[in-house]
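Engineer:
Residue numbers (this note's numbering): 88 to 603.
1) Can you tell me whether DSSP reads residue 433 as helix, strand or coil?
2) Rounded to a whole number of angstroms, what is the C-alpha to C-alpha distance between residue 468 and residue 409?
3) Suppose you measure from the CA of residue 480 to the CA of residue 443; what does that come to, to the nearest Å?
4) What first and last residue would you give for the beta strand (DSSP E) that runs through residue 556?
5) Would you mind stating whether residue 339 and residue 312 have Cβ atoms separated by less than 9 Å?
6) Would you identify the three-state DSSP class for residue 214, choosing helix, strand or coil?
7) Do residue 419 and residue 224 have their beta-carbon atoms positioned less than 9 Å apart in this structure?
8) Tell me, please, which residues DSSP counts as bridged to residue 297.
9) Where does residue 390 sit, in a helix, a strand or coil, going by DSSP?
10) For residue 501, which residues in the same chain have their Cβ closer than 8 Å to its Cβ, ignoring the five residues on either side in sequence?
11) Can you grab the Cα-Cα spacing for the pair residue 191 / residue 183, in whole Å?
12) Identify the continuous alpha helix (DSSP H) that holds residue 98 and give its terminal residues.
13) How many angstroms separate the CA atom of residue 210 from the CA atom of residue 186?
14) Tell me, which residues are paired with residue 472 by DSSP?
15) As a quick exercise: from 367, 270, 271 and 344, pick the residue whose alpha carbon is nearest that of residue 258.
16) What residue from 458, 440 and 450 has the CA that sits closest to residue 529's CA?
17) Quick one, are the C-beta atoms of residue 132 and residue 324 less than 9 Å apart?
18) Answer yes or no: do residue 309 and residue 303 have a C-beta to C-beta separation smaller than 9 Å?
19) Anyone know if the C-beta pair for residue 107 and residue 213 falls short of 9 Å?
20) Can you name the start and end residues of the beta strand (DSSP E) that residue 463 belongs to?
21) To the nearest angstrom, report how far apart residue 379 and residue 488 are at their CA atoms.
22) Please report the distance separating the alpha-carbon of residue 348 from that of residue 320.
23) If we ignore side chains and look at the alpha-carbon of each, how far apart do residue 591 and residue 540 end up?
24) Please confirm whether residue 519 and residue 499 have their CB atoms less than 9 Å apart.
25) Can you name the residues that DSSP bridges to residue 277?
26) Would you kindly work out how many angstroms separate the C-alpha atoms of residue 554 and residue 417, rounded to a whole number?
27) Are there 16 or more other CB atoms within 10 angstroms of the CB of residue 138, so buried, or fewer, so exposed?
28) Is the separation between the beta-carbon of residue 341 and that of residue 285 shorter than 9 Å?
29) Work out the CA separation of residue 219 and residue 605 for me, nearest whole Å.
30) I'd like the span of the beta strand (DSSP E) that includes residue 405, first residue to last.
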């Protein structure tokens, strides 16, 4: 958890960029990412130097070469620990003319975030602003992995609060809910085909650190965690840089974060490669057939991106793989042939586990569209017996454009859980359904089967869903109890009205007499 002092430091850095002439929040985040990357490179180089001195052996892996670059500047001068002591004008010159060309040309440390620096652009406009930001960033503690990750998350939150490009961020509490529903294991291979800032991958990694710390004592599992577990695609290079740095600061050494247009490129190399997919892909309407990957059209012939992404998830998952993904409500009840066929495939050919209806304002102020979380398992042989439905009414924040918290911090998200049960009162539950969703999910094969369809959650047999054209909207199956109300017979009502009129007339006569 960040302290108020650290938040204040980040706010000051952010405000320095804005007052210095950089108003685009994505550009601010990008420049901060470059500077944090420089600081990280220097930390890695220092670590190698210390190791070399302790062992009395040459350095195995140099980040900064010996000697000088093509323009005659010593590589040592380009390290954060030296750079931060330069005068503003010299610092500006070294960063613009030496450091960034080095970043663009380096093979780096073999990591994906080094790869994504190849087209790095230095856009800080003045020496004074660069010196101010470097000084501020140097004062931010970056030794602790949790602090580094929290700081970067806080800065990413500013992208959304700035009112631009907020579509890149899914609310963190919803991501945590989806990760907890899926409960990743140390053996999983996790993919987000629309990774953005890598929020799903980051939270999955934090979940494993918290719930399965034993994996770091096993050399094979530790290697898998750092080099084989996490995979993300995006076709925005800025997002790839930011997402890669987000993973680095959360302690993942070398995730596979790469450029890929998920709907337009073939997936031959990734087919059935992943055991878990977590995603909230963008739904931008329609694509041209010519620009759509043919292996996806073979699954479902459509131009609709929301259906193509579902087809993509089925293509990428290995048999037995699980997915928790956000879809717009239209996927649940759309009447086109493609909509119905894809829903039929999920129910009949795979194992559809759950449909969690989300409140319509969870993605405000950027989108007001109603959405749901689909949870399914790829089997290629069916397996759906019942589907668990949950009607989420509240997520802890107001559902207007301001998205203000409705409860104290210790009552938000999934925090109020004890022994797997929600510890919220009835009035608090009405403002935050998330702990209840998780508690009931764990009972979906037990007590949930006996719930009535008037409850907030219930199970529906596959036969009922097939009989409704595979409609997956919760309102199709939810039953509403209408309170019985008693009405007086019409003659009795008329008699009461007549008596009331007589009373009014008598009162009027008394009033007229007093005024006469």
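Ideal Cβ placement from N, Cα and C applies to all residues, glycine included. All values reported here derive from a predicted model rather than from experimental measurement.
Structural biologist: Reading off the structure:
1) DSSP places residue 433 in the helix class (H, G or I) of the three-state scheme.
2) A direct Cα-to-Cα measurement between residue 468 and residue 409 gives close to 14 Å.
3) If I take the Cα positions, the gap works out to 10 Å.
4) Run containing residue 556: none; DSSP gives neither H nor E here.
5) Yes, the Cβ-Cβ distance between residue 339 and residue 312 is below 9 Å.
6) Helix at residue 214.
7) For residue 224 and residue 419, no; Cβs fall outside 9 Å.
8) Per DSSP, none; premise fails for residue 297.
9) Coil, per DSSP.
10) Result list for residue 501: 260, 263, 264, 267, 521, 522 and 525, in chain order.
11) A direct Cα-to-Cα measurement between residue 191 and residue 183 gives close to 12 Å.
12) Membership of residue 98 in the alpha helix (DSSP H) is indicated by the continuous run 91 to 106.
13) Distance between the alpha carbons of residue 210 and residue 186: 13 Å.
14) By DSSP's assignment, residue 472 forms no beta bridge with any residue.
15) Closest by alpha carbon: 367.
16) Taking only the C-alpha atoms, the option nearest residue 529 is 440.
17) Contact flag unset, no.
18) A Cβ-Cβ contact shorter than 9 Å links residue 309 with residue 303.
19) Yes, Cβ-Cβ distance for residue 107 and residue 213 is below 9 Å.
20) Taken as a continuous stretch (DSSP letters only), the beta strand (DSSP E) holding residue 463 covers 458 to 464.
21) C-alpha separation (whole angstroms): 34 Å.
22) Cα-Cα distance, rounded: 7 Å.
23) So the two alpha carbons sit approximately 50 Å from each other.
24) In contact: residue 519 and residue 499 (Cβ atoms closer than 9 Å).
25) BP columns for residue 277 point to 317 and 363.
26) Rounded to whole angstroms, residue 554 to residue 417 spans 19 Å at the Cα level.
27) By the 16-neighbour rule on beta-carbons within 10 angstroms, residue 138 is exposed.
28) Not in contact: residue 341 and residue 285 (Cβ atoms no closer than 9 Å).
29) As displayed, the chain neither begins before 88 nor continues past 603, which places residue 605 out of reach and without an answer.
30) Taken as a continuous stretch (DSSP letters only), the beta strand (DSSP E) holding residue 405 covers 404 to 415.
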